[in-house]
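In numbering that gives the first Met the number 0, the protein residues as written are 0 to 223. Where is the CB? At the ideal position from N, CA and C, for every residue including glycine.
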Amino acid sequence: MSKPTVIIVGADKGGVGKTTVTRIVLDFLRNAGLEYRAFDAETPKGNLKRFFPDAQVVDLEHSDGQMAVFDNLTGSKVTVIDLAARQLSPTLKLLGDIGMLEAVRDGKLDVIVLHVLGSSVASFQEIEATAGAIKGSRYFLVTNHINDTAYFGWDSEAAQKALGLAEALIDVPKLDEKANEHVEQAGKPFSEIARDYPSFVVKGKVAHWLKGVLGALNVLKLGQ
């Protein structure tokens with residue numbers, strides 16, 4: 000990648016597993032050997048930081064936090080932002096206001112939006128609004144089943160039209176509940192659990208799940 004890339008993971012709904020998706024993205028970048036900066040917008044404590052201590056907690060509702068994220072994009076090849084609940088629309092509006100989306104259209108940087116969907120049909124309206132706000136950027140939808148989420152109403156004409164607005168749909172399958180419980184308690188990246196964990200069973204289940212998920216992220220074409 001010859002120009003900076005910003006990856007935004009968010010939704011306009013809470014409880015859809017945005018931080019889980021961000022953790023997977025960071026494992027993907029580590030696996031690819033790509034340098035990154037990670038930001039956790041869940042202030043004041045942050046959830047991402049528990050798994051990735053190098054993540055910086057920022058308040059994107061104020062200028063200081065916005066400057067910390069967007070004023071030094073050339074400092075790393077990839078900047079990853081784990082948004083708090085209901086921050087997707089305001090953040091995309093901010094990118095337009097400060098001229099970042101214009102810079103994307105001018106070919107000066109890349110913005111990738113990973114929109115983590117909720118299970119209700121209301122997500123389809125979110126898709127249309129988000130896709131319209133980020134023209135020129137790359138837009139992906141994510142379904143996250145890690146917490147047994149079921150998605151309904153996806154066969155309708157409206158749903159198919161909305162889904163067609165994205166470059167691709169990335170599906171995160173469910174991880175074995177007991178294995179996920181061990182990961183949460185350990186507070187470590189999935190990749191570290193898959194590489195070195197006392198339980199052979201947990202390590203194997205996480206490794207098998209992670210291999211498939213990381214393969215699905217190849218659609219992002221990072222490092223190419």
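Bridge partners - LEU168, DSSP secondary structure assignment: Translated into the one-based positions of the sequence shown, residue 168 becomes position 169. Beta bridge pairing from DSSP links LEU168 with LEU140.
Endpoints, alpha helix (DSSP H) assigned at ILE97: Your numbering for residue 97 matches position 98 in the sequence shown. Where ILE97 is concerned, there is no enclosing alpha helix (DSSP H), given that its DSSP letter is neither H nor E.
Tell whether a beta-carbon distance below 8 Å holds between THR90 and HIS114. For the purposes of this step, residue 90 is taken as the residue at position 91 of the sequence shown. For the purposes of this step, residue 114 is taken as the residue at position 115 of the sequence shown. Taking 8 Å as the Cβ cut-off, THR90 and HIS114 do not qualify as a contacting pair.
Reference VAL112, options ASP96, VAL77 and ILE97, closest by Cα: If you number the sequence shown from 1, residue 112 lands on position 113. Of the listed residues, the one whose Cα sits closest to VAL112 is VAL77.
Measure the beta-carbon distance from GLN55 to ASP39 and round it to whole angstroms, keeping in mind my assumption that it falls under 8 Å. Counting from one through the sequence shown, the residue named residue 55 turns up at place 56. Counting from one through the sequence shown, the residue named residue 39 turns up at place 40. The Cβ separation is near 7 Å, so the contact holds.
Below 8 Å on the Cβ atoms is my contact criterion, and I expect GLY13 with ILE145 to pass it. Report the Cβ-Cβ distance as a whole number of Å. As a working mapping, residue 13 is identified with position 14 in the sequence shown. As a working mapping, residue 145 is identified with position 146 in the sequence shown. In this structure GLY13 does not touch ILE145 by the C-beta definition: roughly 15 Å separates them, more than the 8 Å allowed.
What residue does the alpha helix (DSSP H) around ILE192 start on, and which one ends it? Within the sequence shown, the letter at position 193 stands for residue 192. Its alpha helix (DSSP H) spans residues 189 to 194.
Are there 16 or more other CB atoms within 10 angstroms of the CB of ALA157, so buried, or fewer, so exposed? Your numbering for residue 157 matches position 158 in the sequence shown. ALA157 comes out exposed.
Applying the 10 Å Cβ sphere with the 16-neighbour rule, what's the burial state of ASN30? One-based indexing of the sequence shown puts residue 30 at position 31. Flag for ASN30 reads exposed.
According to DSSP, is HIS114 part of a helix, a strand, or is it coil? Here residue 114 is taken as the residue at index 115 of the sequence shown, counted from 1. It is a strand residue.
Are the segment 40 to 54 and the segment 68 to 82 touching by the rule of at least three beta carbon pairs closer than 8 Å? The segment 40 to 54 and the segment 68 to 82 touch, with no fewer than 3 CB-CB distances between them shorter than 8 Å.
Report the residue from LEU25, PRO188, SER155 and ASN46 whose alpha carbon sits nearest the alpha carbon of ALA37. Residue mapping note: residue 37 aligns to position 38 of the sequence shown, counting from 1. Comparing Cα positions, the closest option is LEU25.
Note the first and the last residue of the continuous alpha helix (DSSP H) segment covering ILE133. Here the question's residue 133 lines up with position 134 in the sequence shown. Premise fails: ILE133 is in no alpha helix (DSSP H) and is neither H nor E.
For the beta strand (DSSP E) that VAL182 lies in, which residues bound it at each end? Residue numbering aside, residue 182 sits at position 183 when the sequence shown is read from its first letter. Element bounds for VAL182: not the beta strand (DSSP E) but the alpha helix (DSSP H), 176 to 185.
Count the other CB atoms, across all protein chains shown, that sit within 10 Å of the CB of GLY9; report buried if there are 16 or more and exposed otherwise. Residue 9 sits at position 10 when you count from the first residue of the sequence shown. So GLY9 ends up on the buried side.
In terms of DSSP beta bridges, what is VAL8 paired with? For the purposes of this step, residue 8 is taken as residue 9 along the sequence shown, with counting starting at 1. In DSSP, VAL8 forms a bridge with ASP81 and LEU113.
Considering only their Cβ atoms, is the gap separating SER190 from LEU209 smaller than 8 Å? Mapped onto the sequence shown, residue 209 falls at position 210. Mapped onto the sequence shown, residue 190 falls at position 191. Yes. Within cutoff.
6 Å Cβ shell around ILE23 - same chain, five flanking residues per side excluded: Here residue 23 refers to the residue found at position 24 when the sequence shown is read from its first residue. Close CB contacts of ILE23 within its chain, under the 6 Å cut and outside five residues either way in sequence, are with VAL212 (chain order).
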